[in-house]
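Under the working numbering, the letters of the sequence shown match residues 5 to 254, in that order.
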Amino acid sequence: GNGFEVKVGRTSENFTVEDTANGNQTDTTPPAIEEVSTSWGSHINVTEDVFDGTVTVTTVGAEDGQTVTVALNGTDYTGDVSGGSVAITIPAADLQALTDDSTYSLTANVSDAAGNAAVQDSSISFDVDKTPPTLLAISATISSGITGITEAGAMVSVVMTDPAGAVNTFETAADATGEWNISAVELMGSEFTSDDNGTYAFFVSATDAAENAYVVPTVNLVVDVEAPAQDVIGGLNIEQLSKAGDVVTY
């Protein structure tokens, strides 16, 4: 014949077609997308869309210079593979155009130099939450401690400065209705007494799952607990005369 012979061989998952007359091989093995990640993670919040975002794609079998295409919200973004990966920029303006309180998915595609396409990656989805939680109905009393209402599940941080200037931080999570409370016992280690009199300043903040934060102005609690009346014998009160275990008669 014409001296042309075609051999089809398979090694592992690599397919080649060999022209033995000309010594040529045709690559039919597709590359793979190994991993896709975003700089913003599972949420985009009110501060993250101020800056450009990055989608990083790791590939196997795609040669340097091959184009990776990332599609998000109807727009394609591209970058070239270098050393098995590529970082593709998503402009801040495009992130800002995403609708608040919505969920988005992105896809990634790549082909090798022979034109074999990788299986599309669609593993990435994320929520857009640009609305900080509110803090409402904050109340501080010596009986109930400090309470309020915020977004369900939000983490509430309370920084308390006592009359002596000592600072303590307390945290709690809002329940399914958004209500939260840090009791007087948690704040003081016991109930408020006359020894605790003075002004307490509370700095309150709430952070939601997307890490949007909200802060309220300082809330003050003035404690003015009347000291208990004391029985007096000869100018000395019972507490001065007795100690634990004593029996006092008068």
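Cβ atoms here follow ideal geometry from the backbone N, Cα and C, with glycine treated the same way.
When DSSP reads this structure, Glu39 sits in a beta bridge with Thr62. With contacts defined as CB atoms closer than 8 Å, Ala178 and Ala158 qualify as a contacting pair. The segment 143-152 and the segment 113-120 do not touch, with fewer than 3 CB-CB distances between them shorter than 8 Å. If you draw a 10 Å sphere on the C-beta of Asp125, you find 16 or more other C-beta atoms in it, and that means buried. When the alpha-carbon of Thr60 is set against those of Thr197, Asp166 and Thr73, the nearest one is in Thr73. Around the beta carbon of Val54, fewer than 16 other beta carbons sit within 10 angstroms, so the residue counts as exposed.
Val229 and Thr203 have their C-alpha atoms roughly 12 Å apart. Counted as a single uninterrupted DSSP element, the stretch harbouring Asp131 is not any alpha helix (DSSP H) but the beta strand (DSSP E) occupying residues Asp125 to Val132. According to the DSSP secondary-structure assignment, Phe55 is paired through a beta bridge with no residue.
When rounded, the separation of the alpha-carbon atoms in Gly87 and Ser46 is 26 Å. With a 10 Å radius around the Cβ and a threshold of 16 neighbouring Cβ atoms, Thr154 comes out buried.
Exclusion of the five residues before and after Asp98 leaves Leu76, Asn77 and Thr79 as the residues of its chain whose Cβ lies within less than 8 Å of its Cβ. Counted as a single uninterrupted DSSP element, the alpha helix (DSSP H) harbouring Val189 occupies residues Ala188 to Met192. In the DSSP assignment, Leu99 falls within the unbroken alpha helix (DSSP H) covering Ala96 to Gln100. Rounded to the nearest angstrom, the gap between the Cα atoms of Ala205 and Phe174 is 13 Å.
Distances from the CA of Pro221 to each of Val50, Ser198 and Ser143 were compared; the closest alpha carbon is that of Ser143.
For Asn172, the uninterrupted beta strand (DSSP E) segment begins and ends at Val171 to Ala177. Looking at the backbone, the Cα of Val163 and that of Thr103 are separated by about 34 Å. In this structure, DSSP gives Asp105 a state outside helix and strand, which the three-state scheme calls coil. Glu52 has its alpha-carbon roughly 9 Å from the corresponding atom of Gln100. By the neighbour-count definition (other C-beta atoms within 10 Å, threshold 16), Thr211 is a buried residue. In this structure, the alpha-carbon of Tyr81 lies about 10 Å from that of Ala91.
Residue environment: Asn224 is assigned as exposed (fewer than 16 neighbouring CB atoms within 10 Å of its CB, all protein chains considered).
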